[in-house]
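Engineer: Protein sequences, first through last, are from chains A and B. The opening position of the first sequence corresponds to residue 19 in the numbering used here, with each subsequent residue numbered one higher. The opening position of the second sequence corresponds to residue 58 in the numbering used here, with each subsequent residue numbered one higher. Every residue gets a Cβ at the ideal spot worked out from N, C-alpha and C, and that includes glycine. Please read these numbers as outputs of a predicted model, since none were measured by experiment.
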Amino acid sequence: MLPLAHVGHWTWALYLPPILIVIGSVVRNKLAERSRGRDE
Amino acid sequence: MTISGLAGWLPFAHALVARQDLPIPAWLFAWGASIVLIVSFFALSAAWREPRFEDERWRSLGAGLSRALLGMPAQVICGLAGVLLLGVSVYAGLRGTEAPDRNFAITFLFVTVWLGFPVLSVLLGNVFKMFNPWRAVGRAVGGAFEAIAGQRFAHAVYPERLGRWPAAIGLLAFVWLEIVYGVSGGVAVGLEPHSAAVAALLYSGYTLTMMAVFGVEEWCERGEIFSVYFGMFSRLGAFSVRDGRLGRRRPLSGATSWATIPGSTAVVLASIATTSFDGGQEGVFKGGIEKGYDWLVEGGLEKTASLRLTDTFFIALCFAGVALVYLAGVRGMASVKGAPPLRKLTPGFAHTLIPIAFAYLVAHYFSLFVFQEQAQFGYLLSDPLGNAHTDLFGTASWGIDFKVLSANAIWYVQVAALVIGHVVGLVLAHDRATAWWGDYRDAARSQYWMLAVMVAFTCFGLYLLSAANG
Numbered sequence: 019m020l021p022l023a024h025v026g027h028w029t030w031a032l033y034l035p036p037i038l039i040v041i042g043s044v045v046r047n048k049l050a051e052r053s054r055g056r057d058e
Numbered sequence: 058m059t060i061s062g063l064a065g066w067l068p069f070a071h072a073l074v075a076r077q078d079l080p081i082p083a084w085l086f087a088w089g090a091s092i093v094l095i096v097s098f099f100a101l102s103a104a105w106r107e108p109r110f111e112d113e114r115w116r117s118l119g120a121g122l123s124r125a126l127l128g129m130p131a132q133v134i135c136g137l138a139g140v141l142l143l144g145v146s147v148y149a150g151l152r153g154t155e156a157p158d159r160n161f162a163i164t165f166l167f168v169t170v171w172l173g174f175p176v177l178s179v180l181l182g183n184v185f186k187m188f189n190p191w192r193a194v195g196r197a198v199g200g201a202f203e204a205i206a207g208q209r210f211a212h213a214v215y216p217e218r219l220g221r222w223p224a225a226i227g228l229l230a231f232v233w234l235e236i237v238y239g240v241s242g243g244v245a246v247g248l249e250p251h252s253a254a255v256a257a258l259l260y261s262g263y264t265l266t267m268m269a270v271f272g273v274e275e276w277c278e279r280g281e282i283f284s285v286y287f288g289m290f291s292r293l294g295a296f297s298v299r300d301g302r303l304g305r306r307r308p309l310s311g312a313t314s315w316a317t318i319p320g321s322t323a324v325v326l327a328s329i330a331t332t333s334f335d336g337g338q339e340g341v342f343k344g345g346i347e348k349g350y351d352w353l354v355e356g357g358l359e360k361t362a363s364l365r366l367t368d369t370f371f372i373a374l375c376f377a378g379v380a381l382v383y384l385a386g387v388r389g390m391a392s393v394k395g396a397p398p399l400r401k402l403t404p405g406f407a408h409t410l411i412p413i414a415f416a417y418l419v420a421h422y423f424s425l426f427v428f429q430e431q432a433q434f435g436y437l438l439s440d441p442l443g444n445a446h447t448d449l450f451g452t453a454s455w456g457i458d459f460k461v462l463s464a465n466a467i468w469y470v471q472v473a474a475l476v477i478g479h480v481v482g483l484v485l486a487h488d489r490a491t492a493w494w495g496d497y498r499d500a501a502r503s504q505y506w507m508l509a510v511m512v513a514f515t516c517f518g519l520y521l522l523s524a525a526n527g
């Protein structure tokens with residue numbers, strides 16, 4: 019039996035992935051820009 | 058089946074409805090909404106290369122219509138209506154029942170006016186200006202002075218740096234009064250009608266004094282809470298008045314020039330933060346509020362003061378959180394090549410939050426509005442004092458039909474409101490960026506940060522709603 023009784027307390031975490039994905043993309047884009055700038 | 062009269066107190070923000078029976082979990086709606094925003098962002102980056110909203114393209118709707126809708130007779134009638142309704146609210150609050158759900162004052166001030174005028178403002182323009190009771194009295198007194206003294210009253214110069222800060226602080230104070238002050242013994246029963254009436258009288262005195270000091274129109278533009286708040290939403294709409302003439306402009310274009318006055322950013326942030334707190338106190342923040350309350354009570358503080366202090370702390374936290382997310386987005390934009398200085402960016406993108414503030418308002422309160430307006434135009438209209446002694450229009454026995462909206466319908470409207478509001482916010486942000494960045498590619502790059510802000514507000518808003526809906 020899986021201990022799922024308190025899983026409901028963590029549903030807030032399911033709202034985070036879209037935010038983290040967008041922020042991650044923004045940061046990755048920024049770092050790529052900086053390294054392009056350094057190469058130039 | 059209707060429910061005529063309520064035995065207990067109606068949970069004000071989210072009325073009694075059955076649990077949702079959604080086809081997919083609520084959090085998946087947040088993912089879907091985020092995908093809509095991301096697709097919208099890429100569509101804007103590809104296709105929106107020139108600013109479209111910086112120029113309002115205002116056109117007059119004709120002298121006849123302006124005379125009919127804005128002329129002195131219309132102003133007198135609307136002003137008198139505003140004064141009369143304020144008077145009825147104050148009288149009902151002072152002399153009517155103390156049950157908030159049966160007293161005209163509470164529903165009229167905190168539902169019909171507070172939630173109705175933003176919708177009317179978006180659809181029809183700044184209509185509150187015509188009905189503003191304090192503006193009507195101020196203009197009447199000013200006109201009488203001019204007629205008697207033969208000259209205009211000499212007003213003080215309004216400090217430019219003060220801007221809309223009085224309205225921002227007033228907005229926080231108004232919501233604090235409504236949802237924090239109105240608690241007793243650890244149970245939220247809502248603001249008492251008598252307290253609301255006293256607050257209305259105090260606010261009237263304060264507003265009329267400030268109008269006498271700085272001028273009626275000056276104070277309405279900058280300091281009068283309701284004028285500033287409803288006026289903010291009216292900037293999204295297509296109708297506006299210029300030099301006494303009614304005209305039509307490109308929708309949303311009025312928003313681009315709204316935040317030029319200091320303190321405007323604080324007004325829109327306060328709007329989002331207070332709505333977030335009101336939604337969160339029943340769900341997301343409930344545990345934290347209870348812990349804070351218990352800690353203060355154990356420390357010896359009286360129960361009511363403990364709850365008010367804890368709630369105040371959480372409102373401040375909401376404001377700080379919303380401000381932080383926005384300022385992080387602005388900081389990010391400032392790091393992109395070609396960016397204007399930070400001091401210009403912060404107010405320069407504040408107007409993009411207006412659709413989000415409106416979306417939050419609709420999402421959190423539309424079901425309350427639908428239910429309570431049945432009461433407003435039903436038993437409250439015929440029995441404003443709530444003492445069962447009058448039936449002015451024969452509707453005193455009417456009730457509220459809660460079955461007009463299902464739980465699922467409420468959720469779908471909430472999701473739609475948040476998605477549309479944030480897409481509109483994204484459009485406004487992208488449009489401003491194309492105007493301020495020299496290169497459209499840098500402009501699009503700068504908007505990655507506002508996309509992050511929009512996705513954050515969308516997911517946070519849906520999380521608040523799903524937790525509050527249960």
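Thinking just about the alpha-carbon of each residue, which of B:Y520, B:L425 and B:P319 is nearest to the one in R218 of chain B?
Structural biologist: The shortest Cα separation from R218 of chain B among B:Y520, B:L425 and B:P319 belongs to B:P319.
Engineer: Going residue by residue through the stretch 485 to 526 of chain B, where are the continuous alpha helix (DSSP H) segments of at least 4 residues, counting only ones entirely within it?
Structural biologist: Taking 4 residues as the minimum length, the alpha helix (DSSP H) runs contained wholly in the stretch 485 to 526 of chain B are 497 to 526, in order along the chain.
Engineer: For a contact meaning CB atoms closer than 7 Å, what does Y215 of chain B contact in chain A?
Structural biologist: Neighbours of Y215 of chain B on chain A: none; closest Cβ ~40 Å, over 7 Å.
Engineer: Per DSSP, which residues does F296 of chain B bridge with? Please list them.
Structural biologist: Per DSSP, B:R305.
Engineer: Would you call the stretch 145 to 153 of chain B and the stretch 439 to 456 of chain B in contact, with 3 or more CB pairs under 8 Å?
Structural biologist: Pairwise C-beta distances place the stretch 145 to 153 of chain B in contact with the stretch 439 to 456 of chain B, as three or more of them are shorter than 8 Å.
Engineer: So who's on the other strand from S117 of chain B, going by DSSP bridges?
Structural biologist: B:G304
Engineer: Along the stretch 381 to 412 of chain B, where does the CB come closer than 8 Å to a CB of chain A? Name the residues.
Structural biologist: G389 and S392
Engineer: Out of curiosity, what's the CA-to-CA distance linking H421 of chain B and P397 of chain B?
Structural biologist: 35 Å
Engineer: Between A513 of chain B and chain A, is the shortest Cβ-Cβ distance under 8 Å, so that the two count as touching?
Structural biologist: yes
Engineer: Would you decide whether M268 of chain B is buried or exposed? Buried here means 16 or more other CB atoms lie within 10 Å of its CB.
Structural biologist: buried
Engineer: Looking at C-beta atoms only, is the number of pairs between the stretch 372 to 388 of chain B and the stretch 33 to 40 of chain A that lie closer than 8 Å three or more?
Structural biologist: no
Engineer: Chain B beta carbons: is any one of them nearer than 8 Å to that of W28 of chain A?
Structural biologist: no
Engineer: Taking 8 Å as the cut-off, does the stretch 132 to 152 of chain B touch the stretch 498 to 518 of chain B (at least 3 CB pairs, one atom from each stretch)?
Structural biologist: no
Engineer: Identify the contact partners of L32 of chain A in chain B, using a Cβ-Cβ distance below 7 Å as the criterion.
Structural biologist: W84
Engineer: Is the separation between the beta-carbon of A257 of chain B and that of V147 of chain B shorter than 8 Å?
Structural biologist: yes
Engineer: Just to confirm, is the Cβ distance from F98 of chain B to L309 of chain B under 8 Å?
Structural biologist: no
Engineer: Need the endpoints of the alpha helix (DSSP H) that K186 of chain B sits in, please.
Structural biologist: F185 to F188
Engineer: Excluding the 5 residues preceding and the 5 following D78 of chain B in the sequence, name in chain order all residues of the same chain whose CB lies nearer than 8 Å to its CB.
Structural biologist: A464 and N465
Engineer: Is the beta carbon of I329 of chain B less than 8 Å from the beta carbon of A407 of chain B?
Structural biologist: no
Engineer: Suppose the cutoff is 6 Å on Cβ atoms and the five residues either side in sequence are ignored; what does the same chain contact list for T331 of chain B look like?
Structural biologist: V232
Engineer: Tell me, please, whether the CB atom of L309 of chain B is closer than 8 Å to any CB atom in chain A?
Structural biologist: Contact of L309 of chain B with chain A is not assigned, every C-beta pair being separated by 8 Å or more.
Engineer: With a threshold of 6 Å on Cβ separation, who are the neighbours of G389 of chain B within its own chain once the five nearest residues in sequence on each side are excluded?
Structural biologist: Excluding residues within five positions, the ones whose Cβ falls inside 6 Å are W506.
Engineer: Please return the same chain residues whose Cβ sits closer than 7 Å to the Cβ of L248 of chain B, not counting the five positions on each side in sequence.
Structural biologist: P157, I163, L234, E235, Y238 and G239
Engineer: Taking 8 Å as the cut-off, decide whether the C-beta atoms of A224 of chain B and E274 of chain B are in contact.
Structural biologist: no
Engineer: Candidates B:P80, B:T367 and B:A103: which alpha carbon is nearest V354 of chain B's?
Structural biologist: B:T367
Engineer: Would you kindly work out how many angstroms separate the C-alpha atoms of A100 of chain B and Y497 of chain B, rounded to a whole number?
Structural biologist: 13 Å
Engineer: For P80 of chain B, count neighbouring Cβ atoms within 10 angstroms of its own Cβ and tell me buried if that reaches 16, exposed if not.
Structural biologist: exposed
Engineer: Are the C-beta of C375 of chain B and some C-beta of chain A separated by less than 8 Å?
Structural biologist: no
Engineer: Using a Cβ cut-off of 8 Å (strictly closer), state whether Y350 of chain B contacts chain A.
Structural biologist: No, Y350 of chain B does not count as interfacial toward chain A.
Engineer: Please report how far the alpha carbon of G344 of chain B lies from the alpha carbon of D351 of chain B, in whole angstroms.
Structural biologist: 11 Å
Engineer: Is DSSP giving T409 of chain B helix, strand or coil here?
Structural biologist: helix
Engineer: Do you know how far the Cα of W191 of chain B is from the Cα of S178 of chain B?
Structural biologist: 18 Å
Engineer: Hey, out of B:R116, B:V419 and B:Q433, whose CA is closest to V470 of chain B's CA?
Structural biologist: Nearest to V470 of chain B by alpha-carbon distance, out of B:R116, B:V419 and B:Q433, is B:V419.
Engineer: Which residue from B:G207, B:A509 and B:G121 puts its Cα closest to that of G304 of chain B?
Structural biologist: Nearest of B:G207, B:A509 and B:G121 to G304 of chain B, Cα basis: B:G121.
Engineer: Could you check what DSSP says for K394 of chain B in three-state terms: helix, strand or coil?
Structural biologist: coil
Engineer: Tell me the DSSP secondary structure of N444 of chain B in three-state form.
Structural biologist: Note: N444 of chain B maps to coil in three-state DSSP.
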